Amino acid sequence: MSSFHRDSWVEVDLDCIYNNVQSMKSFLPDGVSIIAVVKANAYGHGDAQVAKTALDAGATYLAVAFIDEALSLRQQGIKAPILVLGASRVKDINIALQENITLTVFRKDWLVEAIQQLNGKNPLKIHLKLDTGMGRLGFTSMREVDEVLQLVDETSSFELEGVYTHFATADELDTTYFEQQYTTLTDMIGFIKEKTSIRMIHCGNSATALRFPDKVFNAVRLGIAMYGLTPSNEMIHLLPFELQEAFSLQSKLVHVKKLAVGQSVSYGATYTAEEEEWIGTVPIGYADGWLRKLHGAHVLVDGKRVPIVGRICMDQLMIRLPHELPIGTRVTLIGAQKDEKISSNDIARLLDTINYEIPCMISYRVPRIFRRNKSIMEVRNYLLDN
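With full-length UniProt numbering as the guide, the letters of the sequence shown map in order to residues 1 to 386.
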């Protein structure tokens with residue numbers, strides 16, 4: 001267990017991760033497997049810790065964005081199958097083969113070049129990405145898919161394990177575009193099944209799995225919902241089961257002082273006291289991911305909402321206290337105190353963004369504490385460990 005030496009930290013409740021995976025597993029039709037998406041350091045939560053918990057809860061596969069993220073999991077002892085969802089360089093495919101990492105293929109020329117590069121005895125596992133309307137990565141035509149299937153069939157270099165797509169609007173109330181994408185997908189899957197057999201077919205992100213469990217084929221990629229966050233604000237009242245938010249952001253008061261009338265706070269003197277008031281200093285700032293734009297937002301202290309006053313600094317921010325409080329008092333930026341709660345959704349609304357971005361933006365220098373069964377399981381100080 002690593003230690004850390006500052007009074008700001010993230011707490012990740014792995015019981016919430018476990019329960020969210022279990023709830024999804026119980027909700028899905030029989031025979032549908034769960035691919036736990038742990039890219040971007042598990043959306044800022046901690047890649048290996050979340051991966052192990054998700055696998056314990058019933059996930060059978062993991063997904064990341066890049067080979068480096070897959071290698072990080074391997075180096076931390078994760079042996080489960082891992083799919084790289086993003087682009088991989090051909091020159092790196094042998095390390096993927098060596099580490100049993102599955103790669104996404106979305107270009108024929110990549111396959112042609114890869115055949116010349118592969119030097120292992122075993123085939124490289126691949127999933128084909130179909131672009132049904134996301135406009136990002138993927139094959140867009142039956143002709144392209146047919147050429148790729150022929151190429152794979154003619155060589156022993158690849159094992160075509162899966163096929164998948166990604167929906168652009170599954171989290172929106174208007175399902176018109178979703179239905180268009182789904183129709184395109186079923187046409188392409190039908191064509192592929194005439195040519196070859198595929199073990200895994202997955203199109204379900206969290207939103208699709210929650211709303212259309214009968215349309216996910218035989219696997220879902222569980223991302224944002226695994227962390228207890230809704231795929232969109234529109235879906236908050238459409239959830240088939242409760243999601244448990246795993247991420248909280250905590251700090252402590254490191255200084256408390258009384259401000260006299262007319263005294264100001266922070267850069268630019270943008271906040272000036274109109275009466276005597278108590279100001280607390282909190283050791284977290286925009287270098288930690290608590291953006292300057294959040295001035296005026298609230299945090300929780302002693303179970304009450306209190307405002308951030310003045311400009312947020314690189315490493316510190318100031319809050320207006322209801323009364324004098326002792327140094328060391330807990331400050332909750334995301335999470336709950338008594339009957340009050342500030343969620344990642346609340347912070348996302350203030351920043352005019354989506355909740356996905358909130359845990360991701362809390363930087364590596366903020367240590368992560370992992371709790372399982374209500375006790376501390378592990379502490380990771382990313383500044384020192386990485």
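Glycine residues also receive a C-beta, built at the ideal position from the N, C-alpha and C atoms.
Given the structure is predicted, the values throughout are model-derived calculations rather than measurements.
Just tell me which of the options has its CA closest to the CA of residue i.
i: N218; options: E340, C203 and W290; result: C203
i: V261; options: W278, P29, A246 and A348; result: W278
i: L103; options: E324, D109 and L128; result: L128
i: V220; options: F167, A114, M377 and S264; result: F167
i: M142; options: L130, L151 and G135; result: L130
i: G223; options: E11, V10, A42 and W9; result: A42
i: V112; options: L85, V152 and R136; result: V152
i: N205; options: T196, E172 and H237; result: E172
i: E276; options: N94, V37, P231 and P322; result: P322
i: V331; options: N345, I354 and P307; result: P307
i: N373; options: L28, T53 and P29; result: T53
i: L243; options: A225, N233 and H237; result: A225
i: N86; options: I67, E99 and N100; result: Sequence inspection shows Gly at residue 86; the Asn mentioned does not correspond to that position. Ranking the options by Cα distance to G86, first place goes to I67.
i: V216; options: L294, Q181, D339 and Y227; result: Q181
i: R292; options: M361, I198 and Q337; result: M361
i: M235; options: T196, V265, L259 and T169; result: T169
i: H295; options: I347, Q337 and T60; result: I347
i: residue 387; options: L55, V37, D56 and S88; result: Outside the modelled stretch of the chain, which goes from 1 to 386, sits residue 387, for which no answer is possible.
i: T60; options: M200, E194 and Q98; result: M200
i: I198; options: I126, S8 and P29; result: I126
Given a cut-off of 8 Å on the beta-carbon distance, is the pair residue i and residue j in contact?
i: P359; j: G77; result: no
i: L62; j: A40; result: no
i: R371; j: D13; result: yes
i: L249; j: V10; result: yes
i: C16; j: E245; result: yes
i: I82; j: A114; result: no
i: S363; j: N355; result: no
i: L90; j: W110; result: The question names Leu, yet the displayed sequence has Val at residue 90. It is a contact, given that the beta carbons lie within the stated cut-off.
i: K304; j: E357; result: no
i: T196; j: L149; result: yes
Quick check: what's the CA-CA separation for residue i versus residue j?
i: N381; j: T183; result: 46 Å
i: L333; j: A96; result: 39 Å
i: V282; j: R349; result: 22 Å
i: T176; j: F247; result: 33 Å
i: D214; j: D352; result: 33 Å
i: G58; j: K25; result: 7 Å
i: L238; j: E147; result: 41 Å
i: T329; j: S251; result: 8 Å
i: S264; j: D56; result: 52 Å
i: N233; j: G135; result: 23 Å
i: Q337; j: D174; result: 37 Å
i: I101; j: S156; result: 17 Å
i: I369; j: S88; result: 32 Å
i: P29; j: A297; result: 42 Å
i: I342; j: L259; result: 27 Å
i: G335; j: T140; result: 43 Å
i: Y227; j: E274; result: 42 Å
i: P231; j: W290; result: 22 Å
i: E194; j: E99; result: 32 Å
Under the assumption that residue i contacts residue j (Cβ atoms under 8 Å), give the Cβ distance between them as a whole number of angstroms.
i: D315; j: V366; result: In fact, because the Cβ distance is near 11 Å, the residues do not count as touching under 8 Å.
i: F106; j: G138; result: 5 Å
i: I312; j: G280; result: That belief does not hold up - the Cβ atoms of I312 and G280 are roughly 14 Å apart, past 8 Å.
i: D302; j: L325; result: 6 Å
i: L185; j: F158; result: In fact, because the Cβ distance is near 22 Å, the residues do not count as touching under 8 Å.
i: E144; j: K108; result: 6 Å
i: F27; j: F178; result: Not quite, the Cβ-Cβ distance comes to about 19 Å (not below 8 Å), so this is no contact.
i: I319; j: V299; result: 6 Å
i: S375; j: G310; result: With 8 Å as the limit, S375 and G310 do not qualify as a contact, their Cβ atoms being about 37 Å apart.
Within 7 Å: the Cβ of residue i and any heavy atom of the ligand GDP?
i: N41; result: For the ligand GDP, the structure offers nothing, since it holds no ligand at all.
Under 8 Å between C-beta atoms, does residue i make it to chain C?
i: N373; result: The structure shown contains no chain C; it is built from a single protein chain.
For the 8 Å Cβ check, are there 3 or more pairs between the stretch 3-11 and the stretch 190-206?
-> no
The stretch 68-80 in contact with the stretch 21-34 per 3-pair CB rule at 8 Å | no
Spell out a yes or no on whether the stretch 250-257 and the stretch 14-24 are touching, meaning 3 or more CB-CB pairs, one atom from each, closer than 8 Å.
-> Counting Cβ pairs under 8 Å, fewer than three are found: no touch.
Any 3 or more C-beta pairs closer than 8 Å across the stretch 196-213 and the stretch 262-274 = no
Inter-stretch contact at 8 Å, needing at least 3 Cβ pairs: the stretch 115-122 / the stretch 163-170 | no
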